[in-house]
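Protein chains in written order, with numbering that gives the first Met the number 0: chain F, 0 to 308; chain G, 0 to 402.
Let me begin by presenting the structure, written as structure tokens, before commenting on it.
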Amino acid sequence: MNTFLQHLLNGIATGSIYALLALGYTMVYGVLKLINFAHSEIFMVGAFTGYYAAHALGLASNPSLLGAATVMLISMTVCGLLGFLNERIAYRPLRTAPRITSLITAMGVSLFLQYGGQMVFGPDPKFFPQVFPKSNLQLGGVVTTNYQLFVVAVAIALMAGLQWIVYRTRFGKAMRAVSHNFEMASLMGIPTDRIISMTFVLGSVLAAAAGNLYGLVYPRIDPLMGVFPGLKAFVAAVLGGIGNVPGAMLGGMLIGLVEEYAVAIDPWAWGALHVHVGRFKDAIVFAILVAILVFRPSGLLGRYEPEKV
Amino acid sequence: MTPKRPSLPTAQPPRREGPGPLALSAIALVALAAVASGCGGGGDRSGGAAASEVVVGEYGSLTGQTAAFGSQTHRGIELAVDEINAAGGVKGRTFRLVTEDDQSKQEEAATVVRKLISRDKVIALLGEVASSCSLAAAPIAQEAKVPMISPSSTNPKVTLVGDYIFRVCFLDDFQGHAMARFCFNTLGARKAAILRDIRQDYSVGLANFFAEEFARLGGQVASDQSYSSGDSDFKAQLTAIRAAGADVLFVPGYYNDVGQIAIQARDLGLTIPLTGGDGWESPTLLAIGGKALEGCYYSNHFDPSSSDPTVANFFRKYSDRYHEAPGALAALGYDSAKLLADAMTRATDITGPAIRGELAATKGWAGVSGLITMDQNRNPVKPLVVLQIQDGKISLRETIQPF
Numbered sequence: 000m001n002t003f004l005q006h007l008l009n010g011i012a013t014g015s016i017y018a019l020l021a022l023g024y025t026m027v028y029g030v031l032k033l034i035n036f037a038h039s040e041i042f043m044v045g046a047f048t049g050y051y052a053a054h055a056l057g058l059a060s061n062p063s064l065l066g067a068a069t070v071m072l073i074s075m076t077v078c079g080l081l082g083f084l085n086e087r088i089a090y091r092p093l094r095t096a097p098r099i100t101s102l103i104t105a106m107g108v109s110l111f112l113q114y115g116g117q118m119v120f121g122p123d124p125k126f127f128p129q130v131f132p133k134s135n136l137q138l139g140g141v142v143t144t145n146y147q148l149f150v151v152a153v154a155i156a157l158m159a160g161l162q163w164i165v166y167r168t169r170f171g172k173a174m175r176a177v178s179h180n181f182e183m184a185s186l187m188g189i190p191t192d193r194i195i196s197m198t199f200v201l202g203s204v205l206a207a208a209a210g211n212l213y214g215l216v217y218p219r220i221d222p223l224m225g226v227f228p229g230l231k232a233f234v235a236a237v238l239g240g241i242g243n244v245p246g247a248m249l250g251g252m253l254i255g256l257v258e259e260y261a262v263a264i265d266p267w268a269w270g271a272l273h274v275h276v277g278r279f280k281d282a283i284v285f286a287i288l289v290a291i292l293v294f295r296p297s298g299l300l301g302r303y304e305p306e307k308v
Numbered sequence: 000m001t002p003k004r005p006s007l008p009t010a011q012p013p014r015r016e017g018p019g020p021l022a023l024s025a026i027a028l029v030a031l032a033a034v035a036s037g038c039g040g041g042g043d044r045s046g047g048a049a050a051s052e053v054v055v056g057e058y059g060s061l062t063g064q065t066a067a068f069g070s071q072t073h074r075g076i077e078l079a080v081d082e083i084n085a086a087g088g089v090k091g092r093t094f095r096l097v098t099e100d101d102q103s104k105q106e107e108a109a110t111v112v113r114k115l116i117s118r119d120k121v122i123a124l125l126g127e128v129a130s131s132c133s134l135a136a137a138p139i140a141q142e143a144k145v146p147m148i149s150p151s152s153t154n155p156k157v158t159l160v161g162d163y164i165f166r167v168c169f170l171d172d173f174q175g176h177a178m179a180r181f182c183f184n185t186l187g188a189r190k191a192a193i194l195r196d197i198r199q200d201y202s203v204g205l206a207n208f209f210a211e212e213f214a215r216l217g218g219q220v221a222s223d224q225s226y227s228s229g230d231s232d233f234k235a236q237l238t239a240i241r242a243a244g245a246d247v248l249f250v251p252g253y254y255n256d257v258g259q260i261a262i263q264a265r266d267l268g269l270t271i272p273l274t275g276g277d278g279w280e281s282p283t284l285l286a287i288g289g290k291a292l293e294g295c296y297y298s299n300h301f302d303p304s305s306s307d308p309t310v311a312n313f314f315r316k317y318s319d320r321y322h323e324a325p326g327a328l329a330a331l332g333y334d335s336a337k338l339l340a341d342a343m344t345r346a347t348d349i350t351g352p353a354i355r356g357e358l359a360a361t362k363g364w365a366g367v368s369g370l371i372t373m374d375q376n377r378n379p380v381k382p383l384v385v386l387q388i389q390d391g392k393i394s395l396r397e398t399i400q401p402f
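Quick look at the structure:
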């Protein structure tokens, strides 16, 4: 039972990071019907900004919770700006072009940031410093660190904040209106361009937070670090229903748990089926993507929207 | 006057603005950056040696995940090459080294080796550290009949590729068996867990050899988990290992993963010692793993603190030049270059087949990393040292002779 709970906590911690990333994908898809492939690189830039900010503030030798919060805010600001610029420069001019053009552009921006990052930051991995003191904690039979709990707490707080913004503010209402029907929303007087920019900024801010949290628990960062977590967060967004905000959160948690339990059941799977399921955990995640698109394309929480003719 | 009726949206697409000045300048910047980075690397001279020089190619991971391996090996080779040239070169000809970076990637290793052979026309190759990269490049060298000496690839499959492939280090079957004996006899462990890197031939081979010897001695492999190099999260595997109740954890991976594994293991309350192979060897191992690696052990090719005059001499020359202590990889890089030069001197003429013949006939050649005699598979038989990490420092625990 202890082991089961330990795996549960590990899965939730990883899942929270995927959820934060998935929210960016889902919101941008909701308003623009565009899969923003560059989102994973915003995540990477967030981690690197956190790294450089932490060193600039001397947190490696003077760790503090306040310092950690400052570093995260700095990252969020930088990435919010980067997200805004990304939309303005790469996506807005192609708003009226065929969908595939924007898709290719998004991939282009992603590659540009990855390899640009290799040139600017250097391709060798760097190690995120311990920005606040780490301590081991024991909760019953589950052993963890305050870092893991910090990750879960911050992720949940940010997701709650996002829920409030999307469902309880005028901006959120406008965002939902734009995602429902772009033309109608603009006819109703909603400044669609501004809403879209804000959506990108919001998504990028969450990606920056995810990048910092990731750097905390998995200190090794390098310019290509965003590729795999980004892909899995994308799967999470599709799993929950792309365009659906609570769906992204659910999808993220599920993907984190699937990865964790795939390894957990490995000894049993080896004995019973002679398959090292744990080694295929990445493949399982992508198989989920295929399965969802085949059997339930609108995702777990998405509504089936038939084409009206 | 009737107000103008607002026109209904037409079916025509709205007039496209086209890219604005901001977008255009951004695009221009990107294009310029792409061209600049492409041109930067294209300055190599076309190959072919002048009559007064011998061109030797080196390929290694100077950047990427295992950059520490390649850079250290390169420094060892560089030191050796400068010494060789200072002493008059090979048969009076200058030893010219052409170095290529494979970015710690197998595909890149194959690409740069092809380039070294076809464009630079190297007469011999030095490389690589990672067995996966050596295995990617060896068939190319074998086919072109270019002798290749791997300084530190320990997977037995490397030299089995063909008779032009050599190495100057011990093999993983010996290393795995020796570490199993160390864990069983010296550490008294009876239940072992293994956490292998399935993306590296080195790690998989070493794990298998460890497992077979540990079981043969009477121990039990309680848990066998795996990860892929570059993974960040090992908590799932470590939780399963914790549940299996092992006495020791064998992690035959590379230093940058091992450091993280150790930290995450301690975070999960796993206090058993970690043991590993020569993949741990790196000046940054302790910087990455820190206190989590206290009380851990790993096998290596030589003990840098040895008082043997050959070792002490090399240690002094290397640290004077590079201001850091040499690790096993530097020593092996140095030995590979020196052995190659020695074989070239012994050979009747400096051609691939002649050099190959002399390398294969090497007997009792004294290297920094030990005496090298090539067996029929072109592998040397050498002892192994087990190093321990105590109080943040690395020291010798035990030497294991070939058995």
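All C-beta atoms, glycine included, are put in the ideal place defined by N, C-alpha and C.
Remember, it's a predicted structure, so these values are computed and weren't measured experimentally.
Quiz item: Near G276 of chain G, which residues of its chain fall below 7 angstroms by C-beta distance, leaving aside the five closest residues on each side in sequence?
Solution: For the purposes of this step, residue 276 of chain G is identified with residue 277 of the second sequence, where counting begins at 1. Result list for G276 of chain G: Q174, M178, L205, P251, Y297, S298, in chain order.
Quiz item: So is T110 of chain G in contact with chain F if we call contact Cβ pairs under 9 angstroms?
Solution: As a position in the second sequence, residue 110 of chain G is number 111, starting the count at 1. With 9 angstroms as the cut-off, T110 of chain G does not count as an interface residue toward chain F.
Quiz item: How big is the Cα-Cα spacing for S394 of chain G and G214 of chain F?
Solution: Position 395 of the second sequence, counted from the start, is the residue given in the question as residue 394 of chain G. Position 215 of the first sequence, counted from the start, is the residue given in the question as residue 214 of chain F. Approximately 32 angstroms, taken between the alpha carbons.
Practice problem: Would you mind stating whether Q236 of chain G and V262 of chain F have Cβ atoms separated by less than 9 angstroms? | Solution: If you number the second sequence from 1, residue 236 of chain G lands on position 237. If you number the first sequence from 1, residue 262 of chain F lands on position 263. Yes, these two residues count as a Cβ contact at 9 angstroms.
Quiz prompt | Whole-angstrom distance between T344 of chain G and N84 of chain G, CA atom to CA atom | solution = The residue labelled residue 84 of chain G in the question sits at position 85 within the second sequence. The residue labelled residue 344 of chain G in the question sits at position 345 within the second sequence. The alpha-carbon atoms of N84 of chain G and T344 of chain G are separated by roughly 13 angstroms.
Quiz item: Which residues mark the beginning and the end of the alpha helix (DSSP H) in which Y333 of chain G is found?
Solution: Within the second sequence, numbered from 1, the residue matching residue 333 of chain G stands at position 334. It spans 327-345 - the alpha helix (DSSP H) in which Y333 of chain G sits, taken as one unbroken run.
Practice problem: Examine chain F for any beta-carbon lying closer than 9 angstroms to the beta-carbon of L267 of chain G, and answer yes or no. | Solution: As a first step, residue 267 of chain G is located in the second sequence; it is residue number 268 there, counting from the start. Yes, L267 of chain G lies at the interface with chain F (some Cβ there is under 9 angstroms from its Cβ).
Quiz item: Name the chain F residues whose beta carbon is nearer than 7 angstroms to that of I287 of chain G?
Solution: To locate residue 287 of chain G, count along the second sequence from 1; it is residue 288. Those within 7 angstroms of I287 of chain G in chain F are F126.
Quiz item: Within 9 angstroms (strictly less), CB to CB, does V142 of chain F reach chain G?
Solution: As a position in the first sequence, residue 142 of chain F is number 143, starting the count at 1. At least one chain G Cβ lies under 9 angstroms of V142 of chain F.
Quiz item: Beta-carbon of G63 of chain G versus every beta-carbon of chain F: anything under 9 angstroms?
Solution: Working through the second sequence from its first residue, we reach residue 63 of chain G at position 64. At least one chain F Cβ lies under 9 angstroms of G63 of chain G.
Quiz item: So, N35 of chain F versus V27 of chain F, is the Cβ gap smaller than 9 angstroms?
Solution: In the first sequence, the residue the question calls residue 35 of chain F occupies position 36. In the first sequence, the residue the question calls residue 27 of chain F occupies position 28. Closer than 9 angstroms, so yes.
Quiz item: In chain G, which residues lie less than 7 angstroms from R219 of chain F when you measure between Cβ atoms?
Solution: The sequence position of residue 219 of chain F within the first sequence is 220, counting from 1. In chain order: S231, N255, Q259.
Exercise. Determine the burial state of K90 of chain G: buried for a count of at least 16 other Cβ atoms within 10 Å of its Cβ, exposed for fewer.
Key: Sequence index remark: in the second sequence, residue 90 of chain G carries index 91 (1-based). Counting Cβ neighbours within 10 Å, K90 of chain G comes out exposed, since fewer than 16 surround it.
Exercise. Taking C-beta pairs closer than 9 angstroms, name the residues in chain G that T2 of chain F reaches, listed in chain order.
Key: Reading the first sequence from its first residue, position 3 is the one you call residue 2 of chain F. Those are T238, A239, R241, A242, listed as they occur along chain G.
Quiz item: Among the residues of its own chain, which have a CB less than 6 angstroms from the CB of D223 of chain G, if the five just before and after it don't count?
Solution: Here residue 223 of chain G corresponds to residue number 224 of the second sequence, with the count starting at 1. Within the same chain, D223 of chain G has close Cβ partners I193.
Quiz item: Would you say I76 of chain G faces chain F, with C-beta separation under 9 angstroms as the test?
Solution: Here the question's residue 76 of chain G lines up with position 77 in the second sequence. Cβ-Cβ to chain F under 9 angstroms: no for I76 of chain G.
Practice problem: Report the three-state DSSP secondary structure of E86 of chain F (helix, strand or coil). | Solution: The sequence position of residue 86 of chain F within the first sequence is 87, counting from 1. Here E86 of chain F sits in helix by DSSP.
Quiz item: How far does the alpha helix (DSSP H) with K156 of chain G in it reach, from first residue to last?
Solution: Working through the second sequence from its first residue, we reach residue 156 of chain G at position 157. 156-159 is the extent of the alpha helix (DSSP H) around K156 of chain G.
Quiz prompt | Which residues DSSP lists as bridging N299 of chain G, in chain order | solution = Walking along the second sequence from the start, residue 299 of chain G turns up at place 300. DSSP output for N299 of chain G lists G:V384 as bridge partner(s).
Self-check item: Contacts around T398 of chain G, its chain only, beta-carbon distance under 8 angstroms, and the 5 residues preceding and following it disregarded
Solution: For this step, residue 398 of chain G is matched to residue 399 along the second sequence. Taken in chain order, the residues that qualify are D302, P382, L383, V384, V385.
Self-check item: Exposure of S103 of chain G, with buried meaning 16 or more beta-carbon neighbours within 10 Å
Solution: The residue labelled residue 103 of chain G in the question sits at position 104 within the second sequence. Its Cβ being crowded by 16 or more others within 10 Å, S103 of chain G is buried.
Quiz item: Which residue comes first and which comes last in the beta strand (DSSP E) that contains Q310 of chain F?
Solution: The structure shown does not extend to residue 310 of chain F, since chain F is modelled only from 0 through 308, so no value can be given for it.
Quiz item: L248 of chain G by DSSP, collapsed to three states: which one?
Solution: Counting from one through the second sequence, the residue named residue 248 of chain G turns up at place 249. Strand.
Quiz item: Can a CB atom of chain F be found closer than 9 angstroms to the CB of D43 of chain G?
Solution: Looking up residue 43 of chain G in the second sequence gives position 44. Low confidence applies to D43 of chain G: its pLDDT is 40, below 50, so where it sits in the model is not reliable, and the reading given next is rough at best. False, the Cβ-Cβ gap to chain F never drops below 9 angstroms.
Self-check item: Three-state secondary structure assigned by DSSP to D374 of chain G
Solution: Numbered from 1 along the second sequence, position 375 holds the residue referred to as residue 374 of chain G. Coil.
Quiz item: Looking at the C-beta of R169 of chain F, does it have a partner C-beta in chain G at a distance below 9 angstroms?
Solution: Residue mapping note: residue 169 of chain F aligns to position 170 of the first sequence, counting from 1. With 9 angstroms as the cut-off, R169 of chain F does not count as an interface residue toward chain G.
Exercise. Could you tell me which residues DSSP puts in a beta bridge with A207 of chain F?
Key: Start at 1 with the first residue of the first sequence, and residue 207 of chain F comes out as number 208. A207 of chain F pairs with nothing; no bridge assigned.
Quiz item: Quick one: is I287 of chain F buried, meaning 16 or more other Cβ sit within 10 Å of its Cβ, or exposed?
Solution: Reading the first sequence from its first residue, position 288 is the one you call residue 287 of chain F. The residue is buried, with at least 16 neighbouring Cβ atoms inside 10 Å.
Self-check item: Cut-off 6 angstroms between Cβ atoms - residues of its own chain near K133 of chain F, not counting five sequence neighbours on either side
Solution: The residue you call residue 133 of chain F lines up with position 134 of the first sequence. Here the set comprises T144, Y146.
Exercise. Please name the residue, chosen from G:Q375, G:I349, G:A327, that lies closest to G75 of chain G on a Cα-to-Cα basis.
Key: As a working mapping, residue 75 of chain G is identified with position 76 in the second sequence. Closest by alpha carbon: G:A327.
Quiz item: Should H273 of chain F be labelled buried (16 or more other beta-carbon atoms within 10 Å of its own) or exposed?
Solution: As a working note, residue 273 of chain F is residue 274 in the first sequence. Exposed.
Quiz prompt | Closest Cα partner of G69 of chain G within the set G:L186, G:R92, G:G88, G:C132 | solution = In the second sequence, residue 69 of chain G corresponds to position 70, counting from 1. Closest option to G69 of chain G, Cα to Cα, is G:C132.
Quiz item: If you draw a straight line from the alpha carbon of A123 of chain G to that of P308 of chain G, how long is it in whole angstroms?
Solution: In the second sequence, residue 123 of chain G corresponds to position 124, counting from 1. In the second sequence, residue 308 of chain G corresponds to position 309, counting from 1. Cα to Cα, the separation comes out at about 30 angstroms.
Quiz item: Can you find a CB in chain G that lies within less than 9 angstroms of the CB of G121 of chain F?
Solution: Along the first sequence, read from residue 1 onward, the residue named residue 121 of chain F stands at position 122. So, interface residue.
Exercise. Compare the beta carbon distance of L292 of chain F and V237 of chain F with 9 angstroms and say whether it is the shorter of the two.
Key: As a first step, residue 292 of chain F must be located in the first sequence, where it is residue number 293. As a first step, residue 237 of chain F must be located in the first sequence, where it is residue number 238. Yes. Within cutoff.
Practice problem: Anything in chain C within Cβ reach of S225 of chain G, meaning under 8 angstroms, just list it in chain order. | Solution: Protein chains F and G are contained in the structure displayed, whereas chain C is not.
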